[in-house]
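*Asks:*
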Amino acid sequence: MKFVKFVPANMDEVCEGKEFSFPKEEVKILAYWNQINAFHSASGRHVTRRVGWDCHGLPMEFEIDRKLGIKTRQEVIAMVIVKYNEEFRGMVTRYVAEWEKSMTRTG
Numbered sequence: 037m038k039f040v041k042f043v044p045a046n047m048d049e050v051c052e053g054k055e056f057s058f059p060k061e062e063v064k065i066l067a068y069w070n071q072i073n074a075f076h077s078a079s080g081r082h083v084t085r086r087v088g089w090d091c092h093g094l095p096m097e098f099e100i101d102r103k104l105g106i107k108t109r110q111e112v113i114a115m116v117i118v119k120y121n122e123e124f125r126g127m128v129t130r131y132v133a134e135w136e137k138s139m140t141r142t143g
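Reminder that position 95 of the sequence shown reads as 131 in the numbering used here, one-by-one numbering, no gaps.
#1: Does the region 122–137 come into contact with the region 92–102, if we say contact requires no fewer than three beta-carbon pairs (one atom in each stretch) closer than 8 angstroms?
#2: Check residue 83 in the structure and name its three-state DSSP category.
#3: At the level of alpha carbons, what is the spacing between residue 115 and residue 68?
#4: If the criterion is Cβ atoms closer than 7 angstroms, does the pair residue 73 and residue 83 meet it?
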């Protein structure tokens with residue numbers, strides 16, 4: 037038996053087609069892993085909570101925006117996202133010890 041490799045000519049021939057959305061699929065996968073962690077946590081097992089979840093990111097964004105006087109998305113884009121990320125990284129490293137202490141305490 038000889039196998040023939042399928043090479044699609046365009047996205048219409050791919051089984052996911054035009055409806056495929058990587059961000060939506062990523063959300064589904066993350067939700068799946070969240071369910072697994074929730075199950076293990078509810079079963080009394082220890083589930084490691086890592087610093088850097090989305091719930092940590094939003095307060096940091098607010099603080100950086102306040103510090104830099106940013107009010108709109110266009111202002112973030114204008115200042116170049118690399119510089120914004122550098123500010124973010126610097127602020128995160130300032131709070132890592134506090135977060136680790138808090139996360140260790142709360143489990």
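For glycine and all other residues, C-beta sits at the position ideal for the given N, C-alpha and C. Quick caveat, the model's predicted, so the values are computed rather than measured.
*Replies:* In terms of the structure at hand:
#1: Contact between the region 122–137 and the region 92–102 is present, because at least three Cβ pairs lie under 8 angstroms.
#2: Residue 83 sits at position 47 when you count from the first residue of the sequence shown. Reduced to three states, the DSSP call for residue 83 is coil.
#3: Your numbering for residue 115 matches position 79 in the sequence shown. Your numbering for residue 68 matches position 32 in the sequence shown. Per the coordinates, the alpha-carbon of residue 115 lies some 36 angstroms from the alpha-carbon of residue 68.
#4: As a working note, residue 73 is residue 37 in the sequence shown. As a working note, residue 83 is residue 47 in the sequence shown. Going by C-beta atoms, residue 73 is nearer than 7 angstroms to residue 83.
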